[in-house]
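J.: Read top to bottom, the protein sequences are chains A and B. The opening position of the first sequence corresponds to residue 1 in our numbering, with each subsequent residue numbered one higher. The opening position of the second sequence corresponds to residue 1001 in our numbering, with each subsequent residue numbered one higher.
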Amino acid sequence: MKSARHLVGRSLTWLAIGVVVFTGVLATLPVPQAADGPARGVPEETFAIVDVTAFDGEAFRQGWDVWVEDGRIRHAGQKLDLPEDLPRLDGRGHTLIPGLIDGHVHSFLSTLRDALRFGVTTVLDQSTDPAFAAAQRPAREEVARGTEADLFSAGMTATAPEGHGTQYGIPVETLTGPDEATEWVRARKTEGSDWIKIIYEDGSAFDMEIPSLDGETVAAVIAAAHAEGLAAVVHVSTLETALEAMAFGADGLVHVWRDEVVSEADARRFREAGIFVVPTLSVMVSADDSALAALVRETDETMLSPIQRQTLDGRFPGGLAEGGDVAMENVRRLRAAGVRLVAGTDSPNPGTGAGISMHGELRLLARAGMGNAEALAAATSVAADAFGIAGRGRIAEGRLADLVLVRGDLERDVSRSHDIVAIWKDGYLVDRAVGSAGAGPLAEIAPAPAETLVADFEDGFEARFGAWDVTTDQLTGGASSANAAVRDGALVVTGEIAPGLAFPWAGVIWMPGAQPMQPVDFSGREAIRFRTRGDGRQYSVMLISTAEPAGPPPAVTFIAPEEWTWLEIRLEDFPTATPEIIAGLAFVAEEPVGAYTFEVDEVEVR
Amino acid sequence: MTPGRRFRIYLLEARFQFVEVLREPMFAIPTLAFPLIFYLFFGVIMGTRGVSLAVPTYVLATYGVFGVLGPALFGFGAGLANERDTGVLLLKQTTPMPAGAYLFAKVMAALIFGAVVVAALFLMAAHAAGVALYRWQWFALAGVLLAGVIPFCALGLAIGAWARGRSAVAVVNLVFLPMAMLSGLWLPIYMFPDVMQDIALALPAYHHAQLALKVIAMDAGQPVPTHLAVLVAETLAFLAVAALGFRRADSFSMRRSR
Chain A
1 MKSARHLVGR SLTWLAIGVV VFTGVLATLP VPQAADGPAR GVPEETFAIV
51 DVTAFDGEAF RQGWDVWVED GRIRHAGQKL DLPEDLPRLD GRGHTLIPGL
101 IDGHVHSFLS TLRDALRFGV TTVLDQSTDP AFAAAQRPAR EEVARGTEAD
151 LFSAGMTATA PEGHGTQYGI PVETLTGPDE ATEWVRARKT EGSDWIKIIY
201 EDGSAFDMEI PSLDGETVAA VIAAAHAEGL AAVVHVSTLE TALEAMAFGA
251 DGLVHVWRDE VVSEADARRF REAGIFVVPT LSVMVSADDS ALAALVRETD
301 ETMLSPIQRQ TLDGRFPGGL AEGGDVAMEN VRRLRAAGVR LVAGTDSPNP
351 GTGAGISMHG ELRLLARAGM GNAEALAAAT SVAADAFGIA GRGRIAEGRL
401 ADLVLVRGDL ERDVSRSHDI VAIWKDGYLV DRAVGSAGAG PLAEIAPAPA
451 ETLVADFEDG FEARFGAWDV TTDQLTGGAS SANAAVRDGA LVVTGEIAPG
501 LAFPWAGVIW MPGAQPMQPV DFSGREAIRF RTRGDGRQYS VMLISTAEPA
551 GPPPAVTFIA PEEWTWLEIR LEDFPTATPE IIAGLAFVAE EPVGAYTFEV
601 DEVEVR
Chain B
1001 MTPGRRFRIY LLEARFQFVE VLREPMFAIP TLAFPLIFYL FFGVIMGTRG
1051 VSLAVPTYVL ATYGVFGVLG PALFGFGAGL ANERDTGVLL LKQTTPMPAG
1101 AYLFAKVMAA LIFGAVVVAA LFLMAAHAAG VALYRWQWFA LAGVLLAGVI
1151 PFCALGLAIG AWARGRSAVA VVNLVFLPMA MLSGLWLPIY MFPDVMQDIA
1201 LALPAYHHAQ LALKVIAMDA GQPVPTHLAV LVAETLAFLA VAALGFRRAD
1251 SFSMRRSR
């Protein structure tokens, strides 16, 4: 019996060793490496993807070959007669789709790059800084290697003074009545707006009171846009305003509403009016919705840029009121009535991320009853047609080779769309790694002017070089506020730190570059010197070196005392390796929550 | 019998049977080596000619099924028939060892062999073919594959209960090889004509392979409950067939001994 007991022990030991080794093997097996970039040897520019399931913008096609030549699609179809020496990629087991088109985004900083890294090759921006849009538009005409999604944009948005759309720190010319509509629209046309976006939002759906354009002005702007040959889309958040906007002749609505379920009769009226809807379910359901949470969980964290992480982690202040189900039901009913639906995310609003959220939107559209092909069409051909963008959203002869190869079969399950094998933009492979795309080598950083004085505020808000602006955590979904004014030759900053974020902030930022957040080289300078006074609370100077900080920027805190006091912060005291590279210097209040007031003056980098 | 004693008997029987098959190179080598050689050829050498890893990833799941299928069928089918013929089974039946321990030991042996094959396949796929799966996929795939020993052991039991000694190996091979091919374990099922794809619908290995492929999103799209329902129903059917076989064998041997 002794030997039997001995054998039992040995058997158990071996069994345990076996289990440990087995799980150890499983735990050390390689996982997909995002940072590896595209798979080795994936062809670009002129090549073919053979024997692939292709979604051509309308339907899935089995066993297609797609022949790309000089960045455009030369042929697509079954069993093409391909040249012998054409580089080819075996597409079996994969699905090839047209580059995705996000029908509702707001673009700044790295969002266009992030969008492209997740297969969104074109974005339809529903308001951004007109200067930013103007700078981006030429790239969409070129067939060349690029690192950013192509931008089509409404540019500046039509809204009332203090209305929705004015709170983001980008310039907005507001309207006060219908008689201003024609001039306003013409100004947008001159700026290059691709269509007109109008805000019709009084906040009632969110239990807020927000100044809004009146119906007459909305109607006048729509009419003026049509007179100038531009489409007009309207931001609404209630069924009532949606019906009004339709009656005014709007071409599209860029949100679905969550206040009320649309009746079948009204849904039919939307269809008969030919109006399209961009439901933006990504911001209509909770960001903690299972589909969206799973998407983030299934995404390798190293694939996310700092801005994507920040915005995905963000939440609308106070959370979203209930209504996600109503939004879903509305999409279901509009679809049933045959209303054209365009996929759009409204990224990078809190809880969303540029690019990545498009894959969540597809999941939500599928949940709202859309078939897999239908959801993909809403994110490609239907979006392109709705906004009149020629040449995009389809895999067909002569189209731009904006293509996304996805692992597995999307015809069966569109929720796999995020599992991307390769992305081609204009036929060129896209490097999916964060920051690898045009991260701005040091050589491009402009040297600082010889002058050390940044601003003395004797002649107003202007800086000697660069520009001042307000900055708040609204950028990442917070609700803190900041107002800046020049009074008695000093910059007075007031506002309120609102709860809701882990690191709320609000204040002012000085950006030394010719473009916002363009880094400038201050080599040889030693310190930042300025005069301050205030309410006695603690503030921070944040030093932002690049447009894409990897985490919170390095900061040094200071107290703003009651009496004017000179402060000098040595650059080397900022916890960063490159304090001499400055894209922005922010003077901000942080925790604790509450009102704040401080002044700065005689700012110098010396 | 105390639970501790019962546990010890189960464990020791499992150990003895495992060591027994380990010492039987005619069993151990082919069941371990075949899936690996096949994977080396179809997955690594042929599969990585293109730049896409679709083929090595796909066949990893199917050769995994193949790798689990072999030990279960041979251990139960051929092993059981052999032990019955040589009288080892009768000898074991005369001992106080519960019949459950015998079956448990066989399942454990199949499970351990299956785990070895799966681990070796995974290592080869990862390091020779460059297959990369999400962590949860590696674990889920291993779990799904190993769970396959249950229906396959039941199938082996049914064969072992009916086939006689030496012919059992032939019968097992007659089931094993065609089923592996028709279930799409060697070459993806979608490469076959429709008629053959229809046959696959009746085979447990097909449904098990589809579940494994589901983990890596390469299955044919039928719902999970369908696969599970077929596997459960067929497992129960195999067990019933096995029970009938044993009853017949018992009455046969009783008649003979009279």
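By construction, the Cβ of each residue, glycine as well, lies at the ideal position given by its N, Cα and C atoms.
Output, in sequence order along the chain, the residues in the segment 80-113 of chain A whose CB is closer than 9 Å to any CB in chain B.
T.: Arg-88, Leu-89, Asp-90, Gly-91, Arg-92, Gly-93, His-94
J.: Check each candidate in Arg-529(A), Pro-499(A), Ile-395(A) and name the one with the smallest Cα separation from Pro-592(A).
T.: Pro-499(A)
J.: Taking the straight line between their C-alpha atoms, what separation do you get for Ser-212(A) and Arg-399(A)?
T.: 41 Å
J.: Starting from His-1127(B), follow the beta strand (DSSP E) in both directions and report where the run begins and ends.
T.: Here His-1127(B) belongs to no beta strand (DSSP E), and DSSP marks it neither H nor E.
J.: Taking the DSSP output, what are the residues bridged to Gly-393(A)?
T.: Per DSSP, none; premise fails for Gly-393(A).
J.: Using three-state DSSP, classify Phe-503(A) as helix, strand or coil.
T.: coil
J.: Taking Cβ positions only, does Phe-118(A) come closer than 8 Å to chain B?
T.: no
J.: Using a beta-carbon distance below 8 Å, is Ala-4(A) in contact with chain B?
T.: yes
J.: Alpha carbon to alpha carbon, what distance is there between Ala-386(A) and Val-625(A)?
T.: Past the edges of chain A, shown from 1 to 606, lies residue 625(A), and the structure says nothing about it.
J.: Please state the DSSP three-state secondary structure of Ser-607(A).
T.: A question about residue 607(A) goes unanswered here, because the residues of chain A that appear run from 1 up to 606.
J.: Comparing C-alpha positions only, which one of Leu-1187(B), Phe-1066(B), Phe-1016(B), Tyr-1134(B) sits nearest to Val-1088(B)?
T.: Phe-1016(B)
J.: Would DSSP call Ile-1189(B) helix, strand or coil?
T.: helix
J.: For Asn-612(A), is the classification buried or exposed, using 16 other Cβ atoms within 10 angstroms of its Cβ as the cut-off for buried?
T.: Only positions 1 to 606 of chain A appear in this structure, which leaves residue 612(A) out of reach.
J.: Is any beta-carbon of chain B found at less than 8 Å from that of Phe-587(A)?
T.: Not one chain B Cβ lies under 8 Å of Phe-587(A).
J.: Near Pro-161(A), what residues of its chain come up, given a Cβ to Cβ distance below 7 Å and the 5 sequence neighbours on each side ignored?
T.: Thr-174, Thr-176, Pro-211
J.: Quick one: grab the DSSP three-state call for Gln-1017(B).
T.: Helix at Gln-1017(B).
J.: What separation, rounded to the nearest whole angstrom, lies between the Cα atoms of Glu-608(A) and Leu-1228(B)?
T.: With chain A covering 1 to 606 only, the question about residue 608(A) has no answer from this structure.
J.: At the level of alpha carbons, what is the spacing between Arg-1005(B) and Leu-12(A)?
T.: 15 Å
J.: Indicate whether at least one CB of chain B lies closer than 8 Å to the CB of Leu-26(A).
T.: yes
J.: Note down, in chain order, every chain B residue with its Cβ under 9 Å from the Cβ of Ser-290(A).
T.: Near Ser-290(A) there are no residues of chain B at all, since even the closest Cβ is about 16 Å away, more than 9 Å.
J.: Scan the segment 163-236 of chain A and note each continuous alpha helix (DSSP H) run of 4 residues or more that stays entirely inside, going in chain order.
T.: The segment 163-236 of chain A contains, as complete alpha helix (DSSP H) runs of 4+ residues, the segments 181-191, 215-227 (chain order).
J.: Consider the Cβ of Trp-1186(B): report whether some Cβ of chain A lies at a distance smaller than 8 Å.
T.: no
J.: According to DSSP, which residues form a beta bridge with Tyr-1058(B)?
T.: The partner list for Tyr-1058(B) (beta bridge, DSSP) is empty, contrary to what the question assumes.
J.: Please return the same chain residues whose Cβ sits closer than 6 Å to the Cβ of Lys-197(A), not counting the five positions on each side in sequence.
T.: Gln-126, Ser-127, Ala-154, Thr-157, Val-233
J.: In chain A, what lies closer than 9 Å to Phe-1122(B) by C-beta?
T.: Val-25, Leu-26, Leu-29
J.: Is the CB of Trp-1162(B) under 8 Å away from at least one CB in chain A?
T.: no
J.: Just the chain B side, please: which residues come within less than 9 Å of Phe-22(A) by C-beta, in chain order?
T.: Ala-1115, Val-1116, Val-1118, Ala-1119, Ala-1142
J.: Kindly identify the DSSP beta-bridge partner or partners of Leu-239(A).
T.: None; Leu-239(A) has no bridge partner.
J.: For the beta strand (DSSP E) that Met-542(A) lies in, which residues bound it at each end?
T.: 538-544
J.: Which runs of the alpha helix (DSSP H), 4 residues or longer, sit entirely within the segment 275-342 of chain A?
T.: 281-284, 290-297, 306-313, 324-337
J.: Taking the alpha-carbon of Ala-448(A) as reference, which of Glu-562(A), Gly-524(A), Asn-483(A) has the nearest alpha-carbon?
T.: Gly-524(A)
J.: Tell me whether the beta-carbon of Ala-1168(B) lies closer than 8 Å to the beta-carbon of Gly-1077(B).
T.: yes
J.: Is the Cβ of Ala-986(B) closer than 8 Å to any Cβ of chain A?
T.: Examination of residue 986(B) is not possible in this model, given that chain B is present from 1001 through 1258 alone.
J.: Does Ser-417(A) have its Cβ less than 8 Å from a Cβ in chain C?
T.: Absent from the structure is chain C; the protein chains it does hold are A and B.
J.: Measure the CB-CB distance between Ala-1212(B) and Gly-1070(B) and report whether it falls below 8 Å.
T.: no
J.: Per DSSP, what are the beta-bridge partners of Met-511(A) in this structure?
T.: Met-511(A) pairs with Ala-467(A).
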